[in-house]
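Residue numbers (the working numbering), protein chains in the order written: chain V, 65 to 316; chain D, 33 to 340.
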Amino acid sequence: MNGITIENLNVWFGDYEDRVDAVKGASFSVPKGGSFGLVGESGSGKSTILRAIMGLFDTWSGKIEVLGETLTHKRDREFYRKVQMVFQDPYASLHPRQSVDQVLSETLSLHGFKDIDARISKLLEDVGLGPAFRFRYPHQLSGGQRQRVAIARALAPEPEILLLDEPTSALDVSVQAEILNLLSDLRAERKLTYLMVSHDLAVVGHLCHDIAVMQLGKIVEVLSIEDMRALQTREDYTRTLLQASMGYELRG
Amino acid sequence: MSINDLPRPTWREWLLTDTPTSRNHARLANMYQAWLAFRGNHMAMFGLGILLFLVFVAALAPWLAPHDPFIQDLGARLQPPGTPGYILGSDSLGRDILSRLIYGSRITLYIVTLVAIVAPLAGLFVGTVAGYAGGWADILLMRITDIFLAFPRLVLALAFVAALGAGIENAVLAISLTAWPPYARIARAETLTIRNTDYIHAIRLQGAGPLRIITKHIWPLCISSLVVRVTLDMAGIILAAAGLGFLGLGAQPPSPEWGAMISEGRKFILDHWWVATMPGLAIFTVSLAFNLLGDGLRDVLDPKEGKS
């Protein structure tokens, strides 16, 4: 059974002459327990696919299948117990007036857990934050600590699939590595399926088995990480993107 | 070294810690830090002091007032300020103005409190629902708001009081009915910026419904700007209440409402200036205090100014 299967997905914003097609006819699948990366330039529609899967947009057509179930435009709480998402910017994804404890306990109670106190301690430990962080507010946390809280929130309902929207791009380089290691450890421990968006090929190479390259809302090519490293591509655009990115990394 | 040798944290250190140990501790620490920021603003503290004094006077009115505010003494009418027994003078029926001002503070506080509860709550409700729901609900609610905004405030209040009958309760109702639309506008504007943030998306992804999102996640962020606006509007509300009293549509004689007292003093304003001036000074002082307090609160509460 596949974790996520997407067939001929279209997402658009606006109507008539204002209509912008953000994703055009995208198809790919992520095996259960797999780890899949979506790469491409800014504005190529990567994040839009994630948000369409999570039900944050209504204007999509095509087929989205998650864990064998075909999704309609409405998502129930059962869906959100299985699929969770980590947002790009940890400075924007935590409510400014809610402490870590409030964020996690509300999430847990929404999913109907009873032993909330014990679970919060466990979650904080799992993401590498001690009990000292439990009653802090976002303004008392660094970017990396905030992202750990966001990951703890996503893990709270014990999902099987985690969608990651550039989870490290807003963090500085040393913290990026910590968060990436945390994510790969969590995947190994909890047998999670990852669908990850990034424009950083090193990040994708660290976490993913397969990648899809996107350009202007279309998927140009799907290839394995080994092929990516060896520059074994069928499409010119992929090669250009990979070379540009690697050249940048060599220079940088 | 055992744990007992460590110096115990003082209250101040306990409240300023970065690592709170319980929910209540975190809440208290937050409040204390806001208080410290507020305390630094001397004008706002001055305003707060005046208002606390007003509350104190209103609460202890029977003990503080030298005379009964309703007892008339025609032999001692229109005594100038400084007359023994009449520190601020007496009015045309020989009633002590100071006593009437002290009792009148109760009416002022009553009006201010009721309006400050009713109008912002109604505005908050209409504004957040319109902003979050969008579509037809938004159009309908905001056009109703526009209609209320299009009327001159005092004229609308006058029409309401005229229709419902004169009296303090109806004056409060009339002022509230004319005061809520600006709050709805503010709340809607705040909601529009908040509803598309990632932290609202994140709670939607936990399966939270619109009711929970509006009341638990959007309201706390709207309330600070509303509180600031309410305190700044308070002066206007006091003046509107006094204006209704002056026109004879608010509190009815012999009630010692400040606006009604000015209205009574109007007849003698040239010969006996204190009858109208003393309640006027009281209205001025309280309005000023609310304005100063609002300014200070804006510095503390405005999320755009402070840390996120």
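The C-beta atom is built at its ideal place from N, Cα and C for all residues, glycine as well.
Which of the three DSSP states is assigned to K146(V) in this structure? Translated into positions along the first sequence, residue 146(V) becomes position 82. K146(V): helix per DSSP, three-state reduction.
Mind reading off the beta-carbon distance from V261(V) to L235(V)? Whole number of angstroms is fine, and I expect it under 8 Å. Working through the first sequence from its first residue, we reach residue 261(V) at position 197. Working through the first sequence from its first residue, we reach residue 235(V) at position 171. Actually they are not in contact, since the Cβ atoms of V261(V) and L235(V) sit about 15 Å apart, beyond 8 Å.
Counting pairs of Cβ atoms below 8 Å between the stretch 104-117 of chain V and the stretch 203-213 of chain D, do you hit three or more? no
Is G67(V) buried or exposed, if buried means 16 or more other CB atoms sit within 10 Å of its CB? Counted from its first residue, the first sequence places residue 67(V) at position 3. Result: buried.
Ignoring anything shorter than 4 residues or poking outside the stretch 130-213 of chain V, list the alpha helix (DSSP H) runs there in chain order. 141-146, 164-174, 180-190
Quick one: is R212(V) near chain D, going by C-beta distance under 7 Å? Counting from one through the first sequence, the residue named residue 212(V) turns up at place 148. It does not: the Cβ of R212(V) has no partner Cβ on chain D nearer than 7 Å.
Please tell me whether Q307(V) has its Cβ less than 7 Å away from any Cβ of chain D. Position 243 of the first sequence, counting from 1, holds the residue named residue 307(V). Closer than 7 Å: no.
N- and C-terminal bounds of the alpha helix (DSSP H) containing Y135(D): Taking the first residue of the second sequence as position 1, residue 135(D) is located at position 103. Per DSSP, Y135(D) belongs to the alpha helix (DSSP H) from 129-165.
Should A234(V) be flagged as near chain D, meaning a C-beta pair shorter than 7 Å? For the purposes of this step, residue 234(V) is identified with residue 170 of the first sequence, where counting begins at 1. Output row for A234(V): interface = no.
In three-state DSSP terms, what is Y64(D)? Position 32 of the second sequence, counted from the start, is the residue given in the question as residue 64(D). The answer is helix: DSSP assigns Y64(D) an H, G or I state.
Give the secondary structure of D274(V) by DSSP, where H, G and I count as helix, E and B as strand, and everything else as coil. Position 210 of the first sequence holds residue 274(V). Correct three-state label for D274(V): strand.
Cβ-based contacts, 9 Å cut-off: residues of the stretch 225-251 of chain D near chain V: T229, D230, Y231, I232, H233, A234, I235, R236, L237, Q238, G239, A240, R244, K248, H249
Identify every run of the alpha helix (DSSP H) within the stretch 234-295 of chain V, keeping only runs that are complete inside it and at least 4 residues long; order them along the chain. 237-254, 265-271, 289-293
I'd like to know whether the C-beta of Q204(V) is nearer than 7 Å to at least one C-beta of chain D. Residue mapping note: residue 204(V) aligns to position 140 of the first sequence, counting from 1. Yes - at least one Cβ of chain D is within 7 Å of the one on Q204(V).
Look at the Cβ atom of V191(V), then the Cβ atom of A216(V), and state whether they are nearer than 7 Å. Within the first sequence, numbered from 1, the residue matching residue 191(V) stands at position 127. Within the first sequence, numbered from 1, the residue matching residue 216(V) stands at position 152. For V191(V) and A216(V), yes; Cβs fall inside 7 Å.
Between the Cα of D79(V) and those of K96(V), D122(V), R115(V), spot the shortest distance and give me the residue it belongs to. In the first sequence, the residue the question calls residue 79(V) occupies position 15. It is D122(V).
Which value, in whole angstroms, describes the spacing of the CA atoms of G159(D) and R330(D)? The residue given as residue 159(D) occupies position 127 in the second sequence. The residue given as residue 330(D) occupies position 298 in the second sequence. If I take the Cα positions, the gap works out to 20 Å.
Let's test the definition: count the other Cβ atoms within 10 Å of the Cβ of T304(V) and tell me whether it reaches 16, buried, or not, exposed. Locating residue 304(V) in the first sequence gives position 240, where the first residue counts as 1. Exposed.
Nearest to L264(D) by CA position, among I171(D), A90(D), L106(D), G328(D), is which residue? Taking the first residue of the second sequence as 1, we reach residue 264(D) at position 232. The shortest Cα separation from L264(D) among I171(D), A90(D), L106(D), G328(D) belongs to G328(D).
What do you reckon, are the CB atoms on A283(D) and L133(D) nearer than 7 Å? Within the second sequence, numbered from 1, the residue matching residue 283(D) stands at position 251. Within the second sequence, numbered from 1, the residue matching residue 133(D) stands at position 101. It is not a contact, given that the beta carbons lie outside the stated cut-off.
Between N66(V) and chain D, is any beta-carbon pair separated by less than 7 Å? Along the first sequence, read from residue 1 onward, the residue named residue 66(V) stands at position 2. It does not; no Cβ of chain D falls within 7 Å.
V307(D) to L125(D), Cα distance in whole Å? Numbered from 1 along the second sequence, position 275 holds the residue referred to as residue 307(D). Numbered from 1 along the second sequence, position 93 holds the residue referred to as residue 125(D). For V307(D) and L125(D), the distance between alpha carbons rounds to 11 Å.
Are the Cβ atoms of L120(D) and L130(D) separated by less than 7 Å? Here the question's residue 120(D) lines up with position 88 in the second sequence. Here the question's residue 130(D) lines up with position 98 in the second sequence. The answer is yes: Cβ separation under 7 Å.
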